[in-house]
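Working notes, structure below.
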Amino acid sequence: MSMALMQRFAWAVLLGVAATIARGAESPDFDKARASAEAASGTISKVQRWLHEVALKKIEPDAGLYHPDGHFNYQDAWADCYPFLAWSAWLTDLDAFNGPVRGALHAEIDRCAEGFFADPQNAFGGSEYAKDGLVAIVEITGKDEWFDRLVAVEEEIWRNPTIDSPYGRIPSTNIEVNGEQIQVLARLYAMTGEKRYLDWAERLANYYLLEGDFVPQRLRDHGSEIIGGLGLLVGVESEHNPEQAQVYLPRIRRMLDAILQRGTNEDGVMYDELGKPGGLSDGWGYNYVAFLCYDMAAGEPVYAPGVERTLRSLAKPLYKDYPWEVNAIDGYADSVEGGLYLLNRLPVPEGVAWADREVSKNIVYASQQDHLWGTSKLESNGVRTAIIHALMHTRGLIARPWRQDLKLGAVETEDGLAIVMQADRDWSGKLVFDIPRHREFMGFQRDWPRMNTIPEWFTVEPDEQYRVQDLTAGTTARWTGRQLHEGLPVQLVGGEEKRLLIQQ
0 MSMALMQRFA
10 WAVLLGVAAT
20 IARGAESPDF
30 DKARASAEAA
40 SGTISKVQRW
50 LHEVALKKIE
60 PDAGLYHPDG
70 HFNYQDAWAD
80 CYPFLAWSAW
90 LTDLDAFNGP
100 VRGALHAEID
110 RCAEGFFADP
120 QNAFGGSEYA
130 KDGLVAIVEI
140 TGKDEWFDRL
150 VAVEEEIWRN
160 PTIDSPYGRI
170 PSTNIEVNGE
180 QIQVLARLYA
190 MTGEKRYLDW
200 AERLANYYLL
210 EGDFVPQRLR
220 DHGSEIIGGL
230 GLLVGVESEH
240 NPEQAQVYLP
250 RIRRMLDAIL
260 QRGTNEDGVM
270 YDELGKPGGL
280 SDGWGYNYVA
290 FLCYDMAAGE
300 PVYAPGVERT
310 LRSLAKPLYK
320 DYPWEVNAID
330 GYADSVEGGL
340 YLLNRLPVPE
350 GVAWADREVS
360 KNIVYASQQD
370 HLWGTSKLES
380 NGVRTAIIHA
390 LMHTRGLIAR
400 PWRQDLKLGA
410 VETEDGLAIV
420 MQADRDWSGK
430 LVFDIPRHRE
440 FMGFQRDWPR
450 MNTIPEWFTV
460 EPDEQYRVQD
470 LTAGTTARWT
480 GRQLHEGLPV
490 QLVGGEEKRL
500 LIQQ
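Using numbering that gives the first Met the number 0, the letters of the sequence shown map in sequence onto residues 0 to 503.
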């Protein structure tokens, strides 16, 4: 080949690369990523402000305890408030997370007498703290100090159970406590391989499933825990004890069918109570998590098509600003959180649009920039759902350190992830990618639908290689998933949009 031909060939290659980069930068995927950045970034900034301007101020300067509502208890303050203080710090300020937020855990442990949760009178508070509080943090941290505390609380609850049953002693007959316990114990078994945790979970499941055709009457709040618990347990059983899963599956199916037949409206949205048409349950999405677990464990799409239909129905006027709990933020927060767990598996556009609208108006109060949440249990639940929703729009990416002028959004493409970032002023930091936490942290072989977690969206495999294209700078590099999880270095020029494309 002559020198002239070689030069023309080289220019053609360069022009082709440039055209590819230009097409990528102009693709509709980046328009969607910009829309996601608008949905996510204001929320994350408001969460950061809430953390510093409101929540951290509720930590006692001397003892270090978190007092979100002015007094200490496990079933509210530490089950429904403390975990979302932790989520907020984990998302927006790691120094606060590893400083006063972690210190509050130490203060709680120091304050609690040894054997406190072994007292049956304290089983409810301990179970609430374990499932709603500690599990939610363990889902994002793995085997850290919160995991150690979770194990300690559970060991005390099960130290001397006082209730006789045909299947062994259990710590309570309260359906909420027992549903919570199944969810916690299924996780602990997957994380540790300690068979006693599975034995205890089976003891509770047998108590309900092997005694006739069990169907919970209450489909909201306290009654919904047993539904999600049995769903998660049969998933774990299908991985580790398939014979027991086959015992549970037909019984759980009868329970789920009865709920659909007697507990839903024409759209599949659940009522507060079985057989009592009327008010709709803000726990409808939590309950459907178990239906999706059933499908995965059974290996057939029995319920997913119906769940998709319900998610499409959210486009109806009925579900716009629906007063789940007489317009309290907690009702909106619980309803949307459950919906987001389902949308993580079934990304129905009508459902996503509903969640976007409800979060903006009724949870984040996007039109009221200076409105920050309180720290009560109801308000803290709003923070929880706001975080889950924001991370849906970043596909689990976190920019560290977060700054109030940052914008971050991402959308999955046919073969990767399109990301946009921007800041008003120069910014230097890193972009942290999520990993398959269900496996790496929780020990699940499959990503079972479950409550009290931040769902996984786009995840990187630690040992796989990924191509990172900086379409703004015109550069390409290769990174391992482990490196991306540790953080991709990013520098932003004030006012200039950064466009990245991630492909395996």
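Using N, Cα and C, we set each Cβ at its ideal position, and we do this for glycine too.
- Contact check for S427 against Q490 passes: the beta carbons are separated by less than 7 Å.
- If you look at W426, you'll find it in the beta strand (DSSP E) that goes 426-431.
- Taking C-alpha positions only, M420 is separated from D118 by approximately 52 Å.
- Here L317 has no same chain residue with a Cβ atom under 6 Å from its own Cβ, once five neighbours each way along the sequence are excluded.
- Segment contact: the segment 424-438 against the segment 393-405, three or more CB-CB distances shorter than 8 Å; contact assigned.
- When secondary structure is reduced to three states using DSSP, I226 falls in the helix class.
- The beta carbons of F457 and E496 sit no closer together than 7 Å.
- Under the DSSP assignment, T161 falls outside any alpha helix (DSSP H); it carries neither an H nor an E label.
- In the DSSP assignment, I387 falls within the alpha helix (DSSP H) that extends over 376-393.
- In terms of Cβ geometry, G227 and A296 do not form a close pair [threshold 7 Å].
- Contact annotation: L291 and G350 have beta-carbon atoms that are not nearer than 7 Å.
- Taking C-alpha positions only, D320 is separated from S375 by approximately 22 Å.
- For the set D355, I418, I386, the Cα lying nearest the Cα of F432 is the one of I418.
- For N380, the CB contacts under 6 Å within the same chain, skipping 5 residues up- and downstream, are D329, A332 in chain order.
- Across the set P454, D147, E336, V100, the C-alpha of P454 shows the shortest separation from the C-alpha of R394.
- D131 has its alpha-carbon roughly 16 Å from the corresponding atom of L229.
- Proximity to F116 across G141, P160, E138 peaks at P160, based on C-alpha coordinates.
- Cβ atoms of A204 and I181 come within 8 Å of each other, at about 6 Å.
- The DSSP assignment places no complete beta strand (DSSP E) segment of no fewer than 3 residues inside the segment 125-162.
- Closest option to A85, judged by alpha-carbon separation, among A103, K142, D68: A103.
- Here A398 carries a strand assignment [DSSP, helix/strand/coil].
- Looking at the backbone, the Cα of D147 and that of I108 are separated by about 11 Å.
- For P488, no alpha helix (DSSP H) encloses it; the enclosing beta strand (DSSP E) starts and ends at 487-491.
- Relative to the Cα of W447, the nearest Cα in the group A189, K56, A39 belongs to A189.
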